[in-house]
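Taking it in order: structure first as structure tokens, then the write-up.
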Amino acid sequence: QSITVVGRQQLDTQNAQTLTQATQYVAGTYAGTFGADTRLDFFQLRGFVVSDYGLYLNGLQLLNYGFAYSRVDTFGLERIELLRGPSAVLFGAGNPGGLINQISKR
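For the sequence shown, the residue numbers in the numbering used here are 4 to 109.
Put into structure tokens, the structure is as follows:
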């Protein structure tokens, strides 16, 4: 599968507090902290670094800090969509590994 959705029920079941915790069981995904700094998250999809340009919130690209993203709280999220490989073209030019789109609660 090239698209994986982590829904609200799964987030609650995992008791995931951060995006890293929410995506740690998704196939083809590496999520962890950036070095020793626990304030920043680092993501890879299919071996490509997503932390450059591949994190979105409601379809809008998030600002990164050059190498990693600040921690994202999952409390306000309805679901998380992980688009791997060619399916990421739905959002335009970007990372060949894919992207992570977070959908907030309405």
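We put the CB at the ideal spot given by N, CA and C, even for glycine.
In this structure, residue 22 keeps its C-beta atom at 9 Å or more from the C-beta atom of residue 106. Note on residue 44: 16 or more other CB atoms within 10 angstroms of its CB, so buried under the neighbour-count rule. One Cα belongs to residue 49, the other to residue 101, and the distance between them is close to 8 Å.
Residue 14: member of the alpha helix (DSSP H) spanning 11-17, first to last residue. Annotation for residue 25: the continuous alpha helix (DSSP H) segment containing it runs 22-26. One Cα belongs to residue 24, the other to residue 34, and the distance between them is close to 8 Å. Non-local C-beta neighbours of residue 59 in its own chain, meaning closer than 8 Å and more than five positions away in sequence, comprise 65, 94, 102, 103, 104 and 105, ordered along the chain.
DSSP links residue 52 through a beta bridge to 47.
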